[in-house]
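Worksheet: the structure to be examined is printed underneath.
Protein chains: 2
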Amino acid sequence: MTRIIFDRADRYIDPQNDTNILDAAKRMGIGISAVCGGKGLCGKCRVVVKTGREKLGPLSNLERLSLSDLEIISGYRLACLATPVAEGEIFVKIPPESSIEQQRLQVAGIETIVRVSPTVTKHVIEVPPPRAQESKSDAERLIAACSTLSGTREVKLGLNALTLVPTTLRRSGSITVTLYENSDTSEVTWIEETGNSDLTLGLAVDVGTTKLAAYLLNLQSGKTIAVASSLNPQISFGDDVISRISYTSRDAKNLRQLQGIVVAAINKLIHDLCDQTAIEASQISDVAVVGNTAMHHLLLGINPKSLGLSPYRPSVTSKVIVSSKEIGIRVNPGAYVYAFPIIGGFVGGDAVANILATQLHKLSAPALLIDIGTNTEVVLNDGSRLTSCSCASGPALEGGCIEHGMRAETGAIERVYIDPESREPGYTTIGGAPARGICGSGILDAVACMLKTGIVDSGGRIATTLSTPRIRVRNRIAEYVLAEAKDTAGGINITVTQKDVQSVQLAKAAIFAATSILMKQQGINSADLQQIFLAGAFGTYIDPQSALIVGLYPDIPLDRIRFVGNSAGSGARIALISREARSEAEQIAGNTEYVELAANRGFQDEFMRSLYLPHKNPEIFPTVRQILSRSRSY
Amino acid sequence: MTRIIFDRADRYIDPQNDTNILDAAKRMGIGISAVCGGKGLCGKCRVVVKTGREKLGPLSNLERLSLSDLEIISGYRLACLATPVAEGEIFVKIPPESSIEQQRLQVAGIETIVRVSPTVTKHVIEVPPPRAQESKSDAERLIAACSTLSGTREVKLGLNALTLVPTTLRRSGSITVTLYENSDTSEVTWIEETGNSDLTLGLAVDVGTTKLAAYLLNLQSGKTIAVASSLNPQISFGDDVISRISYTSRDAKNLRQLQGIVVAAINKLIHDLCDQTAIEASQISDVAVVGNTAMHHLLLGINPKSLGLSPYRPSVTSKVIVSSKEIGIRVNPGAYVYAFPIIGGFVGGDAVANILATQLHKLSAPALLIDIGTNTEVVLNDGSRLTSCSCASGPALEGGCIEHGMRAETGAIERVYIDPESREPGYTTIGGAPARGICGSGILDAVACMLKTGIVDSGGRIATTLSTPRIRVRNRIAEYVLAEAKDTAGGINITVTQKDVQSVQLAKAAIFAATSILMKQQGINSADLQQIFLAGAFGTYIDPQSALIVGLYPDIPLDRIRFVGNSAGSGARIALISREARSEAEQIAGNTEYVELAANRGFQDEFMRSLYLPHKNPEIFPTVRQILSRSRSY
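Taken in order, these protein sequences are the chains called A and B.
The first sequence begins at 1 in my numbering and counts up by one.
The second sequence begins at 635 in my numbering and counts up by one.
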């Protein structure tokens, strides 16, 4: 009898010792990715056997093909091929890239331990009734009663709180005040009868170019109590930030329009959060917002035109604190909105939040942070200081500008496997629905598999000479048929075209070149890198090996890759519950060097070299060479 | 040949020495009040002959009747009876109460010399263009360029200014910044291209229960460049503050309604000011507001209910600074509104502004300030400290609740004279139009004249036994016919009824009793008073002798009475152009004792005694006794 213990603390008792780890996980309801259906072909069900390796059958040839030497040494197995053969305990860790659950939680970011010390707190105070001989006004008595809350500093009474004095202060002696405190000011922003609302709630918002995510937090416990997300409605005015910048530059009222629709969408998310939790929007007393520089400017009503013109500078980089009313966010009228500081160029508050959430700035060994989106931000910690840059990686990795591309929605092909012999594909779709198109992680998998199986060469050309009906030429463009018309939702072939492969090459080349420039500037080699944090919704879904094969990031052991999901949202949440974290964010923004790639002579050369799969210089990708040579020798 | 020189510096050359001063003034276009048409009967054309008294004919008996001994010694003459008899120069001062021009200027307050040091200033700064190697954002470069403007303090950039950075900073190197500075903060509230608007403008608003006055000031020179006024539209919800307080207490939306209409009316005045001067409202960078406590609360959206309930306290007494946008006042979006601090009870920011304008707090000899309105505020300086109180004096002195009462508009009887022998009346109307009714100064004159001529006794009863057709009884109420139907605009008799006399008695009794309570508390006698400042629109119009005769204020020589008009508006203007004056206002509000008359046992007794004309104890009105005894002996 064997007990398989998963890192979620679920245990599976295997009486006959004949159930492999994948089946055991399925029976426990634990989702492990397996595109080929458990045949040992796709290599997606990688797990790490932490203890009890000797209780599993020996490594199969299929596993030797899928796993690198380092991975094998580290205890990696394919769950579908690892079957217990002896009694005892086996402790199994499911890496994020193999976990289906984690992939679905698009708005989840990593959780960092933070001491809860929010900017906004509620306090019950006793305001003594007015004495006949005393001429103090109610507001003055209230301020006097608050004097102990803020040390020696004078507490101010905001207009919203002031207008509540006549109706609140006379009813009861016990009053709950909402206190906003930062390094500049201590302000009572709201007052209410004690017992009316005991919760102190805050809202963290991540304003992405494509997506908005909103988190409702209990500011006393620091816990997230509800999450909502939606598309950024500004998409109608351009998928990428550059088209939105050019739209707002055309007419002053366009800026107000884009600001208005994103604020309305945030208000809709607030409404959703309130519905989920049966609270009132007026109970939300603080707001923290992150976004890339363009999204930040548009939200605050600052024309982002300077970002579109050399020298591509933000109009403001320091933190911005505004009243929620002023920009129209409908929470408590006294609440302030804290907009994260910006590093420079397009490297905005989201990058600062990513750093804050991953604690990249505190690492003493070199590490990279890559936040992949239409615009990709790269931050390098060289072991002592941070440098950053941004590149336009395009929407390909999110399924955009791909012939059959789509967002990561139901029916999107998200995992691809191509049989190295027959060159026949296998795939899974989101929600298991008939295929409707290919999302970002699917196209990345497809290109990686096509490279592994020789369907494309290192230049990205589809080998039309190969004898498989899956490769064909249509309208003079070569393509690989991933899903046949009979199997798809739309009844048409879903293919990966030559152009799609090029789009992936362009995207990954931009990201890799950006990374290389920072590393070169700071004198850091791949081998030095102890960690790569992959952030962004896209990052959570991708197969890290596929990403490595196409050359998206430096060749390092895959266990050094950490998928941190929407860590920008996590950073916003941290800033909401920790006043110290806001100071830290401001220090990060001030201390992180911004490298302007447009002004960097080496970038274009490196970009050209990075267009190759995995790179013009394959020696810098030893693991990929090994994988490719094994795969092709199959 | 005589030269008559008026204090306005106009000179009249009298070749024959046979033109009296009144005629000389008329020929020069200088308005001197003369109800009886220059017959020496009404005593309204009092002037002070400063030099050259010996060049005028001797004092007539009619003058001896009209003028007190002290006035005669001080050089007072009736202009209609003073005719040059010798050659040389005669320098004539027209006291405010005799000047028609000054009476018309309702929004004029006294002008106090103030060092111009506004809270809001504009500065031209040079922002160096961004350097390629420098990663500072435009906003940071702007802040750096502003660093010298505010000493060592960090300059903040408000959201409104921030949103202008992208469009303003790239166009030119020279930028004009609007800087708001007080003891707490230094904030750039607006930026514009230099040369766009060189003026720094501010708005002072006096929110009265009945009337709104708005002043547009050049904050660089300190000069008032335009004035506009209108009725307070809240009048539709009650003439007095108490009815408005009870209206807002009924329903929360009533408060928003009253706030909304007064803000709309202020915006209308801003529009008028802009029309007069061809400026844009967005050029107005600062706002100072005064009002009594109820008007203050309603403007800021603070429910004034606590003012209507014992212990009759304001909800807030300290200064309130809010963004103009927040309360809806349409000036520059970055502008703040400074609302004057409040002393206590109904003694609001208008009283503070009155003190600031008259410099009452700096006098070392005892002085009184009486701001007459529906609510009258009295402030006493006993020579070392200030005490204040407020009383409900009702609308009678403004022509309200009077049978034929009306506001001081065209056709209102404003000056009255009654012949002591025939008891036939004479009167003048505003604009010389046929009489439509009686305004406040007219009813005060009428009652004073009725007392002087024995038509009413000291108890205020109309002597129906007197044989004159002017006195009659209608609907069992005695009345005196001031204007006969044939002479009036409406073709009806305009009369002063027994009830009207009572209304004047009630009003003046409240004011005199309030004054007495403060004086008694501080141990000050009439003889100690070196000055009485009479403020309020009503105060500017009244005949000071008539006011004295009915017993409105303590019996002091009339030359110690100063008409300061709308000094609340003057105080608001001072606070707009002087930062120091704001601190002074806050000190005044903090240091002035508020005396609650409702809690004062002596007030009711004193009020009852003060109902008499001039007082139950005539000994405290020696001058009035003298006037009455002379008049009745006529």
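Glycine included, C-beta positions come from ideal geometry on N, C-alpha and C.
Predicted model, so just to flag it, every value in this text is computed and none were measured.
Query                                                                                                                                                                              : Result
For Arg-1243/B and Ser-324/A, what's the separation of their Cα atoms in angstroms?                                                                                                : 58 Å
Rounded to whole angstroms, what's the CA-CA distance from Val-1081/B to Val-1138/B? Just pull it up for me.                                                                       : 8 Å
Would the stretch 1227-1242 of chain B and the stretch 1011-1029 of chain B be scored as touching if the rule is three or more Cβ pairs under 8 Å?                                 : yes
Please tell me whether Arg-1264/B has its Cβ less than 8 Å away from any Cβ of chain A.                                                                                            : no
What does DSSP give as the partner residues of Lys-727/B in its beta bridges?                                                                                                      : Val-682/B
Mapping the DSSP letters down to three states, classify Ile-5/A as helix, strand or coil.                                                                                          : strand
Looking at Arg-625/A and Ala-204/A, is the spacing between their C-beta atoms short of 8 Å?                                                                                        : no
Would you list the residues sitting across from Pro-1059/B in a DSSP beta bridge?                                                                                                  : Ile-1052/B
Give me, in chain order, the residues of the same chain whose beta-carbon lies closer than 6 Å to that of Ile-1052/B; leave out the 5 immediate sequence neighbours on both sides. : Pro-1059, Cys-1083 and Thr-1087
Against Ala-585/A, what residues of chain B qualify as contacts under a CB-to-CB distance less than 8 Å, listed in chain order?                                                    : The premise fails here: Ala-585/A is roughly 16 Å from chain B at the closest Cβ pair, so nothing lies under 8 Å.
Could you tell me the distance, in whole angstroms, from the CA atom of Gly-567/A to the CA atom of Ala-357/A?                                                                     : The sequence shown places Ser at residue 567/A, rather than the Gly named in the question. Each residue's Cα considered, the two are about 6 Å apart.
Under 9 Å Cβ-Cβ, which residues of chain B neighbour Ser-318/A?                                                                                                                    : Ser-771, Ala-773, Glu-774, Ile-777 and Leu-791
Have a look at Gln-917/B and Ile-1261/B and give me their C-alpha separation to the nearest angstrom.                                                                              : 55 Å
Does the beta-carbon of Glu-421/A have 16 or more other beta-carbons within 10 angstroms, so that it is buried, or is it exposed?                                                  : exposed
Just to check my reading of the structure: Phe-603/A and Tyr-553/A have Cβ atoms closer than 8 Å, yes? What is that Cβ distance to the nearest angstrom?                           : The pair is not a contact, with the Cβ atoms about 17 Å apart (cut-off 8 Å).
Is the distance from the Cβ of Ala-704/A to the Cβ of Gln-276/A below 8 Å?                                                                                                         : With chain A covering only 1 through 634, there is no way to say anything about residue 704/A.
At a Cβ cut of 9 Å, what residues of the stretch 181-194 of chain A count as close to chain B, listed as they run along the chain?                                                 : Asp-184 and Thr-185
If you drop the 5 nearest sequence neighbours on each side, which residues of the same chain put their C-beta closer than 6 Å to that of Gly-158/A?                                : Glu-187, Thr-189 and Gly-334
Using the rule of at least 16 other Cβ atoms within 10 Å of the residue's Cβ for burial, across every protein chain shown, is Ala-365/A buried or exposed?                         : exposed
For the stretch 472-504 of chain A, which residues have a CB atom closer than 7 Å to at least one CB atom of chain B, in sequence order?                                           : none
Identify the residues that DSSP records as bridge partners of Ala-1046/B: which are they?                                                                                          : Gly-1071/B
Compute the Euclidean distance between the alpha carbons of Arg-407/A and Gly-399/A, then round it to the nearest angstrom.                                                        : 6 Å
Check whether the Cβ atoms of Ile-724/B and Leu-690/B lie closer than 8 Å to each other.                                                                                           : yes
Between the beta-carbon of Ile-1064/B and the beta-carbon of Gly-1045/B, is there less than 8 Å?                                                                                   : yes
To test your reading of the DSSP string, which unbroken alpha helix (DSSP H) runs of 4 or more residues are found completely within the stretch 290-374 of chain A?                : 293-300, 324-327 and 349-358
Short check: CB of Lys-790/B to CB of Thr-834/B, under 8 Å?                                                                                                                        : no
Per DSSP, Ser-390/A forms a beta bridge with which residues?                                                                                                                       : Glu-377/A
How would you label Val-177/A, buried or exposed, when you count the other beta carbons within 10 angstroms and need 16 or more for buried?                                        : buried
Have a look at the DSSP bridge pairing and note the partners of Asn-1127/B.                                                                                                        : The partner list for Asn-1127/B (beta bridge, DSSP) is empty, contrary to what the question assumes.
Does the Cβ of Asn-576/B have 16 or more other Cβ atoms within 10 Å, making it buried, or fewer, making it exposed?                                                                : Given a span of 635 to 1268 for chain B in the structure shown, any question on residue 576/B remains unanswerable.
Reducing DSSP to helix, strand and coil, say where Ser-877/B ends up.                                                                                                              : helix
So the candidates are Glu-63/A, Thr-317/A, Arg-27/A and Ser-310/A; which of them puts its Cα closest to the Cα of Gln-587/A?                                                       : Thr-317/A
List, in chain order, every chain B residue whose beta-carbon is nearer than 8 Å to that of Thr-209/A.                                                                             : Going along chain B, no residue has its Cβ under 8 Å from Thr-209/A, so there is no contact; the nearest lies around 19 Å.
What first and last residue would you give for the alpha helix (DSSP H) that runs through Asp-818/B?                                                                               : Counting along the chain, Asp-818/B falls outside any alpha helix (DSSP H), and DSSP gives it neither H nor E.
In angstroms, rounded to a whole number, what distance separates the CA positions of Ala-928/B and Ile-879/B?                                                                      : 7 Å
Which residues of the stretch 929-940 of chain B have a Cβ closer than 9 Å to any Cβ of chain A? Give them in chain order.                                                         : His-931, Leu-934, Gly-935, Ile-936, Asn-937, Pro-938, Lys-939 and Ser-940
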